[in-house]
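Asker: In the working numbering, the protein residues as written are 88 to 667.
Every residue gets a Cβ at the ideal spot worked out from N, C-alpha and C, and that includes glycine.
Handing you a structure now.
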Amino acid sequence: MRPRSRTRAQSSFEFIVIVGILFMILIGAMGFIQGKIYTIAKDRNDALLSSVANMIRIELAIAESVDGEYSREFIIPFVLEGNNYSVTMESSADALLKMDDSEHLLLLSENMTGFLKKGSNIIRKMDGQIIVNYQCRLGFPGVECDQSSMCDDGNPWTIDVCTPLCRCENQSLPSCGNFVLDPPEMCEPANTYNNTNCSQSTSTCMGNMTGTRDAYGDCEVTCACGYDQFDYACMYGSCGADCESDAICEDGDPMTIDACEGCVCTQLFEWIITGNVELFGVYDRINNLVIAPGANVSVRKYNGSANTGFLEIHARNITVMGLINASGKGYDGGNGGAGGNGGDSDGSPTVSSGFSGVNGSGPFGGAGGFRGLFTNVDGLPGWNGTKGGYAAPQSQGDISEDETVFMGSGGGGGGGGAGGAVYIDYGATPGSGGGGGGAGAAGGGYVKLYASQIINITGMIYTTGENRSGNGSRGDDSGSGDDQYGAGGLGGFNSTLSSMVGGMYGASLHYHGGVGGRGEAGAGGGLLLKANEVYFNSSSSDARGGGANVINGGTVKIFYKNVLVNSTFNAGRVFIKKER
């Protein structure tokens, strides 16, 4: 039994020895790791302190290198990566940076006085001496002030400051009218003419005309420059001008008027219109145009070809005592849709809906009326077309302020009515035909009159939209026997002038067709007058849409320089501009 007990005691002892050895190894490893951690932390702290020291050295070196006076703020951080540290002056020649067990001694320039601290630091250079966080003290060399109140110069338009270099500065306030040019001011003093701060170009070209002005603009009340307008005139040899007066253009031909027009020599002709004449497109090189009383100038209707649908005249003087008529000379209206056939008593599928009207021509042509639809009883009527528009659908949408005017767009044609259904009782009675839709009317053409001197209108200028076009035809009557259905009526044609109404349905013993839709009016065309002087009788023009409608009337534009005589205009829009 004893040998067994001794063996157990021996095993317990060995276990204790092994555990002790392992514990010693663990303690050693932990010590080693802790030492490593301490070393890493200290190395990191040393690096952080070194970076702060290098930053301070750079600030001192910059100040040392500057000639003359120098002042700058730099920041020494309060913490480094979240850890506190200290900055203390060991002497006037060195500073100690310390964090935990890490220290960094910073040797300062022998030329430096003052102290360093965490946060904001002001470094200065005065009379060759570098000063950090120096306080201004009167009596010291170069010190003019120790507070800003000592720098008051009595001028309400300045801010008086004692600078970090202990010198007084009187900084101008940016205020318009203080005779000091401060951004963002363009000029001083305010409200002055020909201000030298407002230099401007003295010449420019507008076409062949030369614009001139003096070298300086004006300083406005807000201290912003206002630049002068150019005065334009023909100057021979400048901007490509051939002439500056009529005398230069004399060609020796007694049948022409030699004129300087637009700074270019032009041989002009006299033109007097006394009868009826059709004109179209552009006419120029005219000295005096006179449309005599009783004369009728008709503008050629637009047909898709160039120079149709409008009249443009350039002259020195234009006098209209007769008539210029561009009414209905613009875009065509749409044709009316045909009516549908009535139903046949023998059951043949002759019965049909009507046909839709055709849209009016032009960019804002009226929509064609929708067709009348077939039913099992009376045919439904066709829809009316819609009005042509001027720069907008069915209305006046012009907002332009240039010299552009337009032809009026045409109205839409009416839709055809549907045919009537066959009536079945003891027998079968055919239906009558639907009426054709009326055609839409044409829009007005446009007229432009340009005169370098005078336009005088005592006659009439019409650019109205048309309110007349072809009527739709009546549908045929139906009979009582086979093949006695009524055929649909034809749609109206825009080439004829009538009342634009849709045709009636044909007569029937029972079911009749639908009525054709009405065509609609065209839009008014535009009128432009441009001259130095414009004399215009208010009752002398009409640019309304068809049916005297201003909703889709054209625009009347007048550009003048000196005189304008006018009152109320018959138009969808009137734009008048006085030019310089």
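(1) When DSSP labels each residue in this structure, what does residue 627 get in the three-state scheme?
(2) Using the Cα positions of residue 400 and residue 367, report the straight-line distance between them to the nearest angstrom.
(3) How many angstroms separate the CA atom of residue 318 from the CA atom of residue 371?
(4) Buried or exposed: where does residue 522 fall if 16 or more other Cβ atoms within 10 Å of its Cβ makes it buried?
(5) Given this structure, state the Cα-to-Cα distance separating residue 466 from residue 592, to the nearest angstrom.
(6) From the DSSP output, read off the bridge partner residues of residue 358.
(7) Below 8 Å between beta carbons: does that hold for residue 483 and residue 660?
(8) Suppose contacts are defined by Cβ-Cβ distances below 8 Å. Is residue 502 in contact with residue 441 by that definition?
(9) Please name the residue in 656, 193, 185 and 232 whose C-alpha comes closest to that of residue 178.
(10) Give me the Cα-Cα distance between residue 575 and residue 562, rounded to the nearest whole angstrom.
(11) Are the CB atoms of residue 629 and residue 551 nearer to each other than 8 Å?
(12) Tell me whether residue 326 sits in a helix, a strand or coil according to DSSP, three-state version.
(13) If we ignore side chains and look at the alpha-carbon of each, how far apart do residue 111 and residue 189 end up?
(14) How many angstroms separate the CA atom of residue 149 from the CA atom of residue 181?
(15) In the DSSP assignment, find the beta strand (DSSP E) that holds residue 664 and state where it starts and stops.
(16) For the beta strand (DSSP E) containing residue 208, list its first residue and its last residue.
(17) What does a CB cutoff of less than 7 Å around residue 183 pick up in its chain, not counting 5 residues either side in sequence?
(18) If you reduce the DSSP assignment to three classes, tell me which class residue 556 lands in.
(19) So for residue 135, helix, strand or coil by DSSP?
(20) Can you give me the C-alpha to C-alpha distance between residue 133 and residue 156, rounded to a whole angstrom?
(21) Using CA atoms only, rank isn't needed, just tell me which of 446, 361 and 342 is closest to residue 353.
(22) Identify every run of the alpha helix (DSSP H) within the region 391-478, keeping only runs that are complete inside it and at least 4 residues long; order them along the chain.
(23) DSSP state of residue 159, grouped into three classes?
(24) Using three-state DSSP, classify residue 126 as helix, strand or coil.
(25) Whose CA, out of 258, 474 and 308, lies closest to the CA of residue 275?
(26) Going by C-alpha to C-alpha distance, which of 542, 419, 107 and 358 sits closest to residue 607?
(27) Taking the alpha carbon of residue 413 as the point to measure from, which residue in 609, 214 and 206 has its own alpha carbon closest?
(28) Between the region 371-383 and the region 488-505, do at least 3 Cβ pairs fall closer than 8 Å?
(29) Is the region 158-167 in contact with the region 209-216, if contact means three or more CB pairs nearer than 8 Å?
(30) State yes or no: is the C-beta of residue 613 within less than 8 Å of the C-beta of residue 578?
(31) Is it buried or exposed for residue 439, if we count other Cβ within 10 angstroms and need 16 for buried?
(32) Quick check: the region 390-410 against the region 581-596, are at least 3 beta-carbon pairs closer than 8 Å?
(33) Let's test the definition: count the other Cβ atoms within 10 Å of the Cβ of residue 648 and tell me whether it reaches 16, buried, or not, exposed.
(34) Which residues does DSSP pair with residue 183 in a beta bridge?
(35) Mind checking which residues open and close the beta strand (DSSP E) that includes residue 347?
(36) Report, in whole angstroms, the separation of the C-beta atoms of residue 421 and residue 581, which I expect to be a contact under 8 Å.
Answerer: Checking against the coordinates, here is how it stands:
(1) helix
(2) 10 Å
(3) 26 Å
(4) buried
(5) 9 Å
(6) 376
(7) yes
(8) yes
(9) 193
(10) 5 Å
(11) yes
(12) coil
(13) 31 Å
(14) 18 Å
(15) 660-665
(16) 206-213
(17) 175, 177, 190 and 192
(18) strand
(19) helix
(20) 35 Å
(21) 342
(22) none
(23) strand
(24) helix
(25) 308
(26) 419
(27) 609
(28) no
(29) yes
(30) no
(31) buried
(32) no
(33) exposed
(34) 175 and 192
(35) 344-348
(36) 7 Å
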